[in-house]
Amino acid sequence: MPQAEVAGAVRMGERWYRDMERGTLPRLAPRVLDPLADVLLLDADERATLHRHACGGTQPFALWRACKYCVRM
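Now the structure itself:
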(Lines of atoms letter the chains of each structure in order from A; the text may use other names.)
(Lines give C-alpha, C1' and ligand atoms only; values in the text may rest on other atoms or scores of the structure.)
Protein backbone atom coordinates (compact mmCIF):
# COMPACT_ATOMS: atom_id res chain seq x y z
CA MET A 0 0.00 0.00 0.00
CA PRO A 1 1.48 3.39 -0.93
CA GLN A 2 2.49 5.74 1.87
CA ALA A 3 0.04 8.38 0.66
CA GLU A 4 -2.89 5.96 1.00
CA VAL A 5 -1.92 4.87 4.50
CA ALA A 6 -1.36 8.47 5.60
CA GLY A 7 -4.73 9.52 4.19
CA ALA A 8 -6.51 6.60 5.83
CA VAL A 9 -5.26 7.64 9.27
CA ARG A 10 -5.85 11.33 8.48
CA MET A 11 -2.21 12.28 8.74
CA GLY A 12 0.15 13.78 6.20
CA GLU A 13 2.42 11.77 3.95
CA ARG A 14 5.46 13.36 5.62
CA TRP A 15 4.19 12.19 9.03
CA TYR A 16 3.91 8.66 7.70
CA ARG A 17 7.42 8.72 6.22
CA ASP A 18 8.78 10.00 9.54
CA MET A 19 6.87 7.28 11.39
CA GLU A 20 8.33 4.58 9.12
CA ARG A 21 11.83 5.95 9.69
CA GLY A 22 11.29 5.98 13.44
CA THR A 23 11.93 9.70 13.73
CA LEU A 24 8.67 10.52 15.48
CA PRO A 25 9.07 10.83 19.23
CA ARG A 26 5.96 8.69 19.80
CA LEU A 27 2.77 7.72 18.06
CA ALA A 28 -0.35 9.50 19.21
CA PRO A 29 -2.83 7.08 20.76
CA ARG A 30 -5.57 8.39 18.44
CA VAL A 31 -3.78 7.05 15.36
CA LEU A 32 -2.80 3.59 16.63
CA ASP A 33 -6.08 1.79 15.94
CA PRO A 34 -6.69 3.42 12.53
CA LEU A 35 -3.09 2.64 11.57
CA ALA A 36 -3.48 -0.98 12.66
CA ASP A 37 -6.76 -1.19 10.71
CA VAL A 38 -5.35 0.15 7.45
CA LEU A 39 -2.27 -2.07 7.71
CA LEU A 40 -4.54 -5.08 8.36
CA LEU A 41 -2.65 -6.03 11.52
CA ASP A 42 -3.81 -9.12 13.38
CA ALA A 43 -4.41 -9.08 17.15
CA ASP A 44 -0.79 -9.87 18.06
CA GLU A 45 0.62 -7.28 15.65
CA ARG A 46 -1.87 -4.69 16.92
CA ALA A 47 -0.86 -5.37 20.52
CA THR A 48 2.82 -5.09 19.55
CA LEU A 49 2.16 -1.72 17.88
CA HIS A 50 0.43 -0.43 21.00
CA ARG A 51 3.09 -1.76 23.34
CA HIS A 52 5.85 -0.25 21.23
CA ALA A 53 4.03 3.08 21.10
CA CYS A 54 3.45 3.12 24.86
CA GLY A 55 6.87 1.68 25.69
CA GLY A 56 6.96 3.39 29.05
CA THR A 57 7.78 6.72 27.41
CA GLN A 58 4.33 8.21 27.74
CA PRO A 59 3.05 9.74 30.96
CA PHE A 60 1.73 7.02 33.26
CA ALA A 61 -1.91 8.13 32.86
CA LEU A 62 -1.75 7.61 29.08
CA TRP A 63 0.16 4.34 29.38
CA ARG A 64 -2.40 3.03 31.84
CA ALA A 65 -5.27 4.08 29.56
CA CYS A 66 -3.98 1.96 26.68
CA LYS A 67 -6.01 -1.25 26.61
CA TYR A 68 -3.03 -3.18 25.20
CA CYS A 69 -0.40 -1.90 27.62
CA VAL A 70 -2.22 -2.28 30.93
CA ARG A 71 -0.98 -5.86 31.32
CA MET A 72 2.68 -4.94 30.92
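If you count by numbering that gives the first Met the number 0, then the sequence shown holds residues 0 to 72, one letter each, in order. We treat Cβ as the ideally placed atom computed from N, Cα and C, and that holds for glycine. Please read all numbers here as calculations on a predicted model, not as lab measurements.
Per DSSP, reduced to three states, the secondary structure at D42 is coil, with no helix or strand assignment.
Remark: C-beta atoms of A28 and Y16 do not approach each other more closely than 7 angstroms.
Rounded to whole angstroms, the separation of the alpha carbons of D33 and L40 is 10 angstroms.
DSSP, reduced to helix, strand and coil, places P29 within a helical segment of the structure shown. Comparing alpha-carbon positions, the option among V38, E20, L24 lying closest to R10 turns out to be V38.
Apart from sequence neighbours up to five positions away, the residues of its chain that approach A36 with a beta-carbon distance below 6 angstroms are R46, L49, ordered along the chain. For M19, the enclosing alpha helix (DSSP H) covers residues 13-21.
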